[in-house]
Structures are given as structure tokens and as C-alpha cells.
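In terms of our numbering, the sequence shown is residues 110 to 261. Even glycine gets a Cβ: it sits at the ideal position worked out from N, Cα and C. All remarks here apply to the structure that follows.
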Amino acid sequence: MSQFSTLCTFRDGKLKLLDKSGFERGVAEFVDGEEIEATFQSVGEHHTRQQEKGFHAMITPWAREEGHAIEDLKRDLLAEIFGLREHVDVVSGDVVMVLCEPHTSKLTKKQYNELIERTLDIAAACGHVLVAPSEYRQRRATSGSLAHEAVR
């Protein structure tokens with residue numbers, strides 16, 4: 110069963126695709142005449158498991174290459190992308206800086222998209238070329254269909 114999602118918005122009463130090529134790749138997975146179901150929901154909803162898995166798979170090679178714990182890299186990316194705020198430590202009374210968005214599990218779909226896109230840019234600025242989750246899925250789908258063709 111094929112399944113994909115893509116971001117879009119409504120403008121002047123019409124659906125506008127934010128990733129037309131991604132939409133076209135997703136639609137290409139269905140056969141002519143196949144019945145499909147379209148579901149629309151606000152992006153402000155909770156992030157998807159696919160976003161979560163894709164983000165972690167995307168940053169893992171970078172963390173390993175640099176010898177960082179994945180959680181440390183993730184924390185640094187959250188600080189860079191969503192910022193830090195002052196917090197008064199209730200025990201010591203010291204003012205410390207803490208993450209504005211400390212947990213990826215609490216991010217919305219829109220925030221997770223921002224995290225992924227900005228991480229790609231930050232990694233590139235640091236000399237690392239990461240594979241975006243959407244590109245990874247497309248490569249996997251293509252290699253899977255190529256492998257399927259080879260079996261025929």
C-alpha cells in the first residue's frame with residue numbers, strides 16, 4: 110500500500126502545493142484508476158512519526174562522523190534553531206540558559222519541518238551533506254522499484 114504526505118496551503122480558495130515535485134513523486138506510486146483517500150489536517154497538529162524517524166536518521170551519520178552523541182547534536186540544533194531563554198535555577202538561584210524547545214517530542218509538524226530544513230542548512234555550513242528524509246524515501250522507493258524490476 111502506497112502512502113505519502115506533502116505540505117500545502119489554501120490560497121484564494123484553492124489548494125497550493127508547497128512541494129510540487131514531492132507531490133508528483135508520491136502520486137506516481139499509485140496505479141492508474143486506483144482508488145485513493147485524501148485527508149487534510151492543519152499543520153499545527155502534532156508531528157508525525159515519519160518526521161521523527163527521518164530527522165534522527167538524517168543526523169545520525171553527522172553525529173557519528175564527528176564523534177558526538179546524537180542527543181548532544183540534537184540539543185545543539187534545537188538551541189541554534191529555536192533559541193535559548195534565561196531560567197533561574199530554583200536550587201542555586203543562578204541564572205542559566207535553557208532550550209526554548211527542549212523536546213522534539215513536543216514539536217508541531219510545522220516546527221519539525223523547520224527543524225529538518227534548518228538542520229540541512231546548518232550541516233552544510235559545517236561541511237556535512239545530509240540526506241533529507243524526503244530524498245531518502247525517494248531513493249529507497251526508486252531502488253526498491255529497481256530491485257523489483259530486476260527480479261522480474
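Euclidean distance between Cα positions of V207 and F191: 11 angstroms
Selection from Q160, V199, P211 and H196 that minimises the alpha carbon distance to L182: P211
Integer-rounded CB distance, given that G135 should sit under 8 angstroms from T115: 6 angstroms
Neighbourhood of E174 by C-beta distance below 6 angstroms, restricted to the same chain and skipping five residues each side: none
Nearest-angstrom Cα separation, counted from V204 out to K219: Approximately 31 angstroms between the Cα atoms of the pair.
Bridge-paired residues (DSSP) for L124: F119
Meets three-Cβ-pair contact criterion under 8 angstroms: the region 157 to 167 and the region 124 to 143: Judged by Cβ distances under 8 angstroms, the region 157 to 167 makes no contact with the region 124 to 143, as fewer than three pairs qualify.
Inter-residue CB distance, F164 and Y245 (contact presumed, cutoff 8 angstroms): With a Cβ gap of about 11 angstroms, F164 and Y245 do not count as contacting.
Simplified DSSP state of V205, which is helix, strand or coil: strand
Cβ-based neighbour list, T228, same chain, cut-off 8 angstroms, excluding 5 preceding and 5 following: Short of 8 angstroms from the beta carbon of T228, and not among the five residues preceding or following it, lie these beta carbons of its own chain, in chain order: F164, M167, I168, L186, I190 and L239.
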